[in-house]
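Asker: Right, I'll just put the structure down here and ask away after.
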Amino acid sequence: MFFKLRGIYSTALTAVLIDEEMKPTQISEVIRSRFNLPNEVEPHDVMIIDTDDLQGIKIRGKKEAVDKVLNRIREVFPYTVIWRCKPQLNAIYIGVVKEVAKDNEYIVDLGESKGILRTINTYNEGDKVLVCVKRTYYGKPCELSENITLVGRYARIMLGGRHTVSPHIRDPERRAELLALAYSMSTGKWGIRWRSSAEHGDLTVIAKEIQELIKEGEKIIGINKEGAPRLIKEGEEVAYVRFTVQCKLKADEIRNTIVPTVIGHHYLKSNIEDPELVDFSEFLMMRGFDRLKVSEELLTYLKGKIRPQTGHQVKIIHYTLDNKAIYLTPGTISRIDNGIYTIRRVFRNYGMHDGLNIEKKPGDYALTYLAEGSWWLVHEYHRENGEYLGMYCNVNTPIEIWGNRIYYIDLAVDVVKDVKGDIKVLDVDELDEARNEDIVSEKLYKKALELAEFAKIAMERTDNAEELIQILLAKQKPVIPLAQGSLFSNDCAR
C-alpha cells in the first residue's frame, strides 16, 4: 500500500505513517534524503495534501488505505477533528429524481444520501438517472454529474471529456507522449485525464488500463436502471483532518527526530505569510544554535509584528463540528491584561442571545474574554444601556491568534448562567453525536466534558465573566508556544 504526501506536514506524517505495509511513493527529493528512501514511483493508493488554509490535511484514495491513514493519525494525534465526506468521490449510482429544485437542477436520491444534479437534460420526479459523484462534502448534499468517471491507477476516464494531463507532470516530453497515446487509442466518447502517477508508468501497462476502464465504462452506461436507487461502482474516500495546536506541537517533536525543527514549526507555517523565517531559524539550528533559544526569539519577533493591540478590530472565526465556519460579530480590543483580551462586540441586528433565550436587540453588546491557547471563550451580554443579561462560556480547542484573526474549533458543549443565577450545560448531545461519528476521539470527547464541568463549577463562584476567565485560566497552563516562559506544558486543566 503506497501513500503520496505533499505539504508542510510531510516530514512528520511520513515518520508517522511509514511501515512495512505503508510506503511513500513519488516523494520529493527532500523527503527522500531525510529518510534515506529509494526512488519509488508506484501509483499511490492514497494522496495526502494540505488543506487550502494549511490548518490540516485532505486525504483521498482507496477506502482501505484512507482507513489506515486515519487510524494512524488518530492514534498519534488524538486531538484532531476528522470529517469523512459522503458519498465517495466518483462513486456511480442509479439515482431517483426526488425533486425538481429549479430549472435544470434536481435533487436525486442515491439511497444512502442525496445529491444535486445540474444538467441541460429534463427530468421529472421519479425518473431514474445514471450519475457520478462530482464533488463530495461532509454535512451537505454532494454534486452529481451525468459525465460518468472511472478512476484507475494511472488515469481517470470521463464520459464526454477531453484528453488532458495532470499539471503535476511537468516533463514536456512525457506530457506529449501521454497525449499522443491518448489520441492514438480508440476511446470513443471517453476522455482521458492522465494522473500524476502516469509520469513514471510503462506505456504498455498504462494503455491496457485505459482499455479495461473503457470496457467497464461501456458496461456501466448500458446497465439496467431497475432497482434504483442503488450503488453501481464505489469511488474514492475523501476525508479532512484539522490539526489543533496540540497536534501541531506533537508534529514538531516528531519532525525534530528527523531534522532540526523549531518549537512551533507547524503552528507558524500554518499561519505566517513568510515561512522562510522558519526555514532560516532551522538553518541556524543545524549550525549548532540552541533550539529553545532560537524558537523563543523567532516567536518573539513574529508576535511582535502581528500581535493585535488595544484598539484593533478583530475577527472571531468559530469552526463547528459539522465543518462550518461561523464569523461572529467582529469587535474591538478594549483591553489586554496579563494575556487576557477583552473584546467589545456590538450587535446590529435582532436575534436571540445563545443559550440565554433572551431577545437580541440592535445596540446590545458582548464583552468577550479570551487568551491565546485557552480551552474556553467567555461572553458577557449587556443591553445598550449596560444592563447585564447573563454570560456564556464556550468550550473549544485552544484559541489561536494571528494578526486580526482569532479562531478555534467549537466543541459543541457550552455552559451558561442567566441573570437569575441558573447555570446550564448545553448541547452535550451534539458532542455525543460527534464522538459517535468519530469526528472527535474518545480522548477529546472526555476532555470537552471535563472542561465543561470545570466551567460549571467556576460559574458557581462568580457572576463576572472577566473573573470567570481568570479562574479558568488559573487551572490551565499554556498549550501554545510563548515568547516568555516555558514553551511547553501539559494539555489538560489540572
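Following our numbering, the numbering of the sequence shown begins with 0 at its first residue and continues without gaps.
Heads up, the beta-carbon is just placed ideally off N, CA and C, and yes, glycines get one too.
As the structure is a computational prediction, the values presented were derived from the model and not from experiment.
Taking C-beta to C-beta, are HIS43 and SER196 nearer than 8 Å?
Answerer: Their beta carbons are under 8 Å apart, which means HIS43 touches SER196 by this criterion.
Asker: Identify, in the order they occur along the chain, each residue of the same chain with its Cβ nearer than 6 Å to the Cβ of ILE470, setting aside the five sequence neighbours on each side.
Answerer: These residues qualify, in order along the chain: ALA457.
Asker: Between VAL107, ARG71, THR203, ARG134, which has its C-alpha nearest ASN123's C-alpha?
Answerer: Closest option to ASN123, Cα to Cα, is VAL107.
Asker: Could you give the uninterrupted runs of the beta strand (DSSP E) lying entirely in the segment 375-456, keeping only those of 3 residues or more?
Answerer: Counting only runs of 3 or more, we get 375-381, 387-395, 399-401, 404-417, 422-425.
Asker: Give the straight-line distance between the Cα atoms of PHE487 and SER373, rounded to the nearest whole angstrom.
Answerer: Note that PHE487 scores a pLDDT of 41, beneath 50, so its modelled location is shaky and nothing firm can be said.
Asker: So what's MET157 in DSSP terms, helix, strand or just coil?
Answerer: It is a strand residue.
Asker: Exposed or buried, PRO171, counting other C-beta atoms within 10 Å across all chains shown (16 or more means buried)?
Answerer: Exposed, by the Cβ-count rule.
Asker: Taking DSSP as the reference, what is the three-state secondary structure of ALA11?
Answerer: In this structure, ALA11 counts as helix in the three-state DSSP scheme.
Asker: Give me the Cα-Cα distance between LYS507 and GLY303, rounded to the nearest whole angstrom.
Answerer: With the chain covering only 0 through 493, there is no way to say anything about residue 507.
Asker: With a 10 Å radius around its C-beta and 16 neighbouring C-beta atoms as the bar for buried, classify TYR8 as buried or exposed.
Answerer: Flag for TYR8 reads buried.
Asker: Would you kindly work out how many angstroms separate the C-alpha atoms of GLU386 and TYR340, rounded to a whole number?
Answerer: Using only the alpha carbons, I get a separation of about 22 Å.
Asker: Just the C-alpha distance for LEU410 and LEU448, rounded to the nearest angstrom, thanks.
Answerer: Each residue's alpha carbon lies about 9 Å from the other.
Asker: Under the rule that 16 or more other beta-carbon atoms within 10 Å means buried, what is VAL65, buried or exposed?
Answerer: Its Cβ being crowded by 16 or more others within 10 Å, VAL65 is buried.
Asker: Flag this pair as yes or no: are the beta carbons of ASN403 and LEU376 separated by less than 8 Å?
Answerer: Going by C-beta atoms, ASN403 is not nearer than 8 Å to LEU376.
Asker: Apart from the five residues on each side of it in sequence, which residues of its chain come closer than 8 Å, Cβ to Cβ, to TYR182?
Answerer: Taken in chain order, the residues that qualify are HIS162.
Asker: Would you decide whether PHE453 is buried or exposed? Buried here means 16 or more other CB atoms lie within 10 Å of its CB.
Answerer: The residue in question, PHE453, is buried, as its Cβ has 16 or more Cβ neighbours within 10 Å.
Asker: In terms of residue numbering, what span does the beta strand (DSSP E) encompassing CYS141 cover?
Answerer: Per DSSP, CYS141 belongs to the beta strand (DSSP E) from 141-144.
Asker: On the three-state DSSP scale, how would you describe VAL165?
Answerer: In the sequence under discussion, the amino acid at residue 165 is Ser, which differs from the Val named in the question. Coil at SER165, not helix or strand.
Asker: So, for LEU267: in the same chain, excluding its five sequence neighbours on each side, which residues have a beta-carbon less than 6 Å away from its beta-carbon?
Answerer: For LEU267, where only same-chain residues beyond five positions count, the Cβ hits under 6 Å are VAL277.
Asker: On the CB-based measure, 16 or more other CB atoms within 10 Å of its CB, does HIS167 come out buried or exposed?
Answerer: It counts as exposed.
Asker: Please state whether DSSP places ALA473 in a helix, a strand or coil.
Answerer: Reduced to three states, the DSSP call for ALA473 is helix.
Asker: Where does ALA90 sit, in a helix, a strand or coil, going by DSSP?
Answerer: Coil.
Asker: Take every Cβ of the segment 226-233, pair it with every Cβ of the segment 37-52, and state whether three or more of those distances are shorter than 8 Å.
Answerer: Flag = no, the segment 226-233 and the segment 37-52 do not touch.
Asker: Spell out the partners DSSP gives LEU4 in its beta bridges.
Answerer: LEU4 pairs with ILE47.
Asker: Kindly list the residues whose CB is nearer than 8 Å to the CB of ASP18, restricted to its own chain and excluding five residues on each side of it in sequence; keep chain order.
Answerer: For ASP18, where only same-chain residues beyond five positions count, there are no Cβ hits under 8 Å.
Asker: Alpha carbon to alpha carbon, what distance is there between THR319 and THR243?
Answerer: If you take the alpha carbons of THR243 and THR319, they lie about 13 Å apart.
Asker: Mind reading off the beta-carbon distance from LYS451 to VAL415? Whole number of angstroms is fine, and I expect it under 8 Å.
Answerer: According to the sequence as given, residue 451 is Ala; it is not Lys. Not a contact, Cβ separation roughly 11 Å.
Asker: Going straight from the alpha carbon of LYS62 to that of LYS97, what length do you get?
Answerer: So the alpha carbons of these two residues sit roughly 29 Å apart.
Asker: Measure the beta-carbon distance from GLY216 to LEU149 and round it to whole angstroms, keeping in mind my assumption that it falls under 8 Å.
Answerer: Sure, about 5 Å apart at Cβ, within 8 Å.
Asker: Could you tell me whether the Cβ atoms of LEU548 and ALA206 are closer together than 8 Å?
Answerer: For the chain, the structure presents residues 0 to 493; residue 548 sits outside this window and is missing.
Asker: What residues in its chain sit with their C-beta under 6 Å from that of ILE342, if we drop five residues either side in the sequence?
Answerer: Result list for ILE342: GLY330, ILE332, THR367, in chain order.
Asker: Return the first residue and the last residue of the alpha helix (DSSP H) that TYR122 is part of.
Answerer: Neither: TYR122 is in no alpha helix (DSSP H) and is coded neither H nor E.
Asker: On a CA-only basis, which of SER112, TYR391, LEU212, ASP363 is nearest LYS188? Give me that one, please.
Answerer: Minimum Cα distance to LYS188 is reached at LEU212.
Asker: Short check: CB of GLY55 to CB of ARG241, under 8 Å?
Answerer: Closer than 8 Å, so yes.
Asker: Does the segment 73-82 come within contact of the segment 431-446, defined as at least 3 CB pairs closer than 8 Å?
Answerer: They touch, by the three-pair rule.
Asker: Could you tell me if ALA499 is buried or exposed, where buried requires 16 or more neighbouring beta carbons within 10 angstroms of its beta carbon?
Answerer: Nothing about residue 499 can be read from this structure; the chain reaches only from 0 to 493.
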